[in-house]
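Shown next, in C-alpha cells, is the structure this report addresses.
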Amino acid sequence: MSMPPGPRSPSVWQTLEWMARPAAFLERVHARFGDPVTIRTYWTEEPMVLFSHPDAVREVFGLDPAIAPAGRSWEFLRPFAGPHSILLLDGEDHLRERRMLQRPFHGERMRAFAPLVAELAERELSSWEGRVVALERMRALTLEVILRVLFGAAEEVELRRLRDAIEDTLAVVRSFPQVLGMVLVRRDLGPRSPWGRFRVAVERFDALLYELLARRRADEDRDSLVALLMEQRDEQGKPPSEQHLRDQLVALLVGGHDSSAASLAWAFERLVRHPRVHARLAENDPAYLDAVVKEVLRVRPALTIAPRLLLEPVQIAGRDLPAGVQVAACLWLAMRREDLWPRAGAFWPERWLEGPAFNPSWIPYGGGVRRCAGAPFAEMEMREVLRAAAKLKLRPARPESERAKRSMLVVVPERGGELIAG
Ligand code: HEM
Numbered sequence: 011m012s013m014p015p016g017p018r019s020p021s022v023w024q025t026l027e028w029m030a031r032p033a034a035f036l037e038r039v040h041a042r043f044g045d046p047v048t049i050r051t052y053w054t055e056e057p058m059v060l061f062s063h064p065d066a067v068r069e070v071f072g073l074d075p076a077i078a079p080a081g082r083s084w085e086f087l088r089p090f091a092g093p094h095s096i097l098l099l100d101g102e103d104h105l106r107e108r109r110m111l112q113r114p115f116h117g118e119r120m121r122a123f124a125p126l127v128a129e130l131a132e133r134e135l136s137s138w139e140g141r142v143v144a145l146e147r148m149r150a151l152t153l154e155v156i157l158r159v160l161f162g163a164a165e166e167v168e169l170r171r172l173r174d175a176i177e178d179t180l181a182v183v184r185s186f187p188q189v190l191g192m193v194l195v196r197r198d199l200g201p202r203s204p205w206g207r208f209r210v211a212v213e214r215f216d217a218l219l220y221e222l223l224a225r226r227r228a229d230e231d232r233d234s235l236v237a238l239l240m241e242q243r244d245e246q247g248k249p250p251s252e253q254h255l256r257d258q259l260v261a262l263l264v265g266g267h268d269s270s271a272a273s274l275a276w277a278f279e280r281l282v283r284h285p286r287v288h289a290r291l292a293e294n295d296p297a298y299l300d301a302v303v304k305e306v307l308r309v310r311p312a313l314t315i316a317p318r319l320l321l322e323p324v325q326i327a328g329r330d331l332p333a334g335v336q337v338a339a340c341l342w343l344a345m346r347r348e349d350l351w352p353r354a355g356a357f358w359p360e361r362w363l364e365g366p367a368f369n370p371s372w373i374p375y376g377g378g379v380r381r382c383a384g385a386p387f388a389e390m391e392m393r394e395v396l397r398a399a400a401k402l403k404l405r406p407a408r409p410e411s412e413r414a415k416r417s418m419l420v421v422v423p424e425r426g427g428e429l430i431a432g
C-alpha cells in the first residue's frame with residue numbers, strides 16, 4: 011500500500027518548518043504535492059496524511075472511533091491532561107465525558123456568562139495604552155475568564171495562586187526549544203531537564219487544584235461549574251474521583267484558554283491592518299460582529315489539524331491507507347482552498363453577509379464526535395472582546411502582516427499581534 015506523496019526532507023527539517031513556519035509549510039506542501047499529502051514530523055511518531063477536500067474531510071470526521079481513535083493522537087498530552095481527560099478517551103468513555111463537559115456550555119447557562127466576560131474584557135482593554143502584545147494580554151484575559159466561570163465566587167487569592175501555577179506550567183512548555191522540545195518532552199533526564207521542570211510545575215499546579223477542590227466541596231456555592239461537575243454520578247451512582255475532576259478541569263482550563271487567546275490575538279492582528287473592518291465593528295451590528303468572528307477563525311484557525319490514528323487500514327477519498335498512520339483533516343488548508351473560497355487568503359468578513367452563511371468547509375472547531383466542546387463559549391467570548399475592541403483606537407506596530415508560528419498546540423502571530431493603542 012503506497013502512501014500519498016509528500017516532502018522527502020528529513021523529519022527534523024519538516025518538524026522545524028512545522029513549528030516555525032506552519033502556514034508556509036502547509037501551503038507549500040499542498041501546492042507541491044496536492045491533496046492528500048504525507049508529512050513526517052516529530053509532532054507524532056507516525057507519518058501524517060493531510061486532507062483538505064470537503065468530501066475527504068467529511069470521511070475523516072466520520073471515521074469509526076474504534077478504528078481511528080482521536081484520543082490516541084493526543085497521547086503526548088497524557089502527563090498533564092491526565093488519564094481521564096476527554097482528549098485522550100475514545101468510544102463510550104469519550105461520549106460520556108463529552109456529554110458532561112458540554113452541559114455547562116449550552117443555551118441559557120452559557121449566555122448567563124456573557125456579562126461577566128464583557129466586564130472582564132472592558133476592564134482589560136481599557137488599560138491598553140501604547141505598545142501592546144495582544145497575545146500576552148489575551149492569554150491573561152481568557153485564563154481569567156475560564157477560571158472565574160469554573161470556580162464562580164472563589165476567593166481572589168485562591169484564583170491568583172492557581173492562575174500563577176497554570177501560567178508557570180505553560181511557560182515551561184512554551185520555553186522548550188522548538189524541535190528539541192518535541193524530542194525532549196518525552197524524556198525525563200532529571201529535575202533540571204525540560205521534562206523534569208515540567209513535572210515539578212504540574213505537581214505544584216495539581217496540589218493547588220486539589221486544595222481548591224477540597225475547599226469548594228465544603229462551601230455552599232452551587233452556581234459555579236465546578237459544583238456542577240462535582241454533582242456528576244456514574245452508572246453506579248458514584249461521584250467522580252478527585253483525579254477525574256482534576257482532569258476535567260484541566261481539559262477545560264487548557265482547551266478553553268490557549269485556543270481562544272490565539273484566535274483573539276489573530277483577531278487583533280487582522281483588525282489593526284483592516285481599519286475599515288474595525289470602523290464597521292463600531293456600528294454595533296450583531297450580524298457583522300458574527301461575520302468578523304467567523305472570518306478570523308477561517309483565515310487564521312488556531313488549530314491547523316484534527317488528527318486521528320488509524321488502527322486498521324481504511325480507504326479515504328478512494329485511497330487505501332495502512333494501519334499505523336495518522337490521518338488529519340487539515341483545517342488550515344480546507345479553509346483557504348481557492349476553489350471553495352473566493353479571495354481565500356483575504357480577510358473579508360463581508361463574505362459571510364453577501365454569500366452563503368454556511369460553508370461545509372468552515373471547520374475551525376474540527377468535526378464529528380470530537381468537534382470542539384467549547385465552541386459556543388469560545389464565540390461568545392470572542393464577540394464580547396471584539397465588541398469592547400471596537401471602541402479603541404488601534405494601529406499596527408509594524409505595517410507588514412505577522413506570519414504564523416506554533417506555540418504548543420496552537421498557531422499564533424509571530425510577534426504576538428503587536429499593536430499600538432491610543
Ligand atoms: C476559538 C477558540 C477555540 C478553537 C479554535 C477550538 C478548536 C478546537 C478543535 C479544532 C478541537 C479538536 C476537534 C477535532 O479533533 O475534531 C477542539 C477540541 C476541544 N475543545 Fe476547543 N477550541 C476553542 C475553544 C475552546 C473552549 C473555550 C473550550 C472550553 C471551554 C474548548 C474545549 C475543547 C474540548 C474539551 C475539546 C475536546 C473535544 C473532544 O475531544 O470531544 N475549546 N477545539
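Note that the sequence shown ends on residue 432 in the numbering used here; no numbers are left out. Beta carbons are placed, not taken as given, at the ideal position from N, Cα and C, and that holds for glycine.
* Residue environment, Val-67, which counts as buried when at least 16 other CB atoms sit within 10 Å -> Looking at its Cβ environment, which holds 16 or more other Cβ atoms inside 10 Å, Val-67 is buried.
* Is Tyr-375 near the ligand HEM, going by C-beta to nearest heavy atom under 7 Å? -> yes
* **Anticipated Cβ contact below 8 Å, Ile-373 with Leu-341, distance rounded** => 5 Å
* Asked: Excluding five sequence neighbours on each side, which residues of the same chain lie with their C-beta closer than 6 Å to the C-beta of Gln-188?
  -> In this prediction, Gln-188 has a pLDDT of 48, which is less than 50 and means its spatial position is unreliable; what the coordinates show is noted afterwards. For Gln-188, where only same-chain residues beyond five positions count, the Cβ hits under 6 Å are Met-29.
* To do: Give the C-beta separation of Arg-214 and Ala-175 to the nearest angstrom, bearing in mind that I take them to be a contact with Cβ-Cβ under 8 Å.
  => 6 Å
* **Pro-311 Cβ short of 7 Å to the ligand HEM heavy atom set** => yes
* For the alpha helix (DSSP H) that Pro-386 lies in, which residues bound it at each end? -> 385-399
* Asked: Does DSSP put Gly-427 in a helix, a strand or coil?
  -> coil
* To do: Would you list the residues sitting across from Phe-86 in a DSSP beta bridge?
  => None; Phe-86 has no bridge partner.
* To do: Check Val-434 in the structure and name its three-state DSSP category.
  => The requested residue 434 does not occur in the structure, where the chain is confined to residues 11 to 432.
* To do: For Glu-245, I'd like the list of residues in its chain whose CB is within less than 7 Å of its CB, leaving aside the five on either flank, ordered along the chain.
  => none
* To do: Classify Leu-419 as buried or exposed, calling it buried when 16 or more other Cβ atoms lie within 10 Å of its own Cβ.
  => The residue is buried, with at least 16 neighbouring Cβ atoms inside 10 Å.
* Within 10 angstroms of the Cβ of Arg-227, are there 16 or more other Cβ atoms? Answer buried if so, exposed if not. => Exposed is the call here.
* **Ala-383 beta carbon near the ligand HEM (any heavy atom closer than 7 Å)** => yes
* To do: Classify Leu-281 as helix, strand or coil using the three-state DSSP reduction.
  => helix
* Determine, using beta carbons only, whether Val-282 and Pro-406 come nearer to each other than 8 Å. => Against a cut-off of 8 Å, the Cβ pair of Pro-406 and Val-282 comes out as a contact.
* To do: For Ile-156, verify whether its CB is less than 7 Å away from any heavy atom of the ligand HEM.
  => yes
* **Check: Ala-316 C-beta below 7 Å from any heavy atom of the ligand HEM** => Checking every heavy atom of the ligand HEM against the Cβ of Ala-316, one is found closer than 7 Å.
* Taking all protein chains shown into account, do 16 or more other C-beta atoms lie within 10 angstroms of the C-beta of Ala-122, making it buried, or fewer, making it exposed? -> exposed
* Residues bridged to Leu-157 [DSSP beta-bridge criterion] -> Answer is none; Leu-157 lacks a bridge partner.
* Helix, strand or coil for Gln-246, going by three-state DSSP, please let me know. => coil
* **Cβ separation of Arg-149 and Ala-271, assumed to be a contact under 8 Å, to the nearest whole Å** => Contact annotation, Arg-149 with Ala-271: C-beta distance approximately 4 Å; criterion of less than 8 Å satisfied.
* **According to DSSP, residues forming a beta bridge with Cys-340** => Ile-315
* Backbone secondary structure at Gln-188 - three-state DSSP -> A caution first: Gln-188 carries a pLDDT of 48, below 50, which makes its placement in the model unreliable, though a value can still be read off. Gln-188 falls in the helix class under three-state DSSP.
* To do: Taking Ile-77 as the reference, give the member of Glu-322, Leu-218 and Gln-253 with the closest Cα.
  => Closest by alpha carbon: Glu-322.
* Asked: Do you know offhand how far Trp-138's Cα is from Glu-412's?
  -> 20 Å
* Output yes if chain C places a C-beta closer than 8 Å to the C-beta of Ala-175; else output no. => Checking the listed chains, one finds no chain C in this structure; it contains a single protein chain.
* Mind reading off the beta-carbon distance from Val-127 to Glu-394? Whole number of angstroms is fine, and I expect it under 8 Å. => 4 Å
* Excluding the 5 residues preceding and the 5 following Arg-82 in the sequence, name in chain order all residues of the same chain whose CB lies nearer than 6 Å to its CB. => Leu-319
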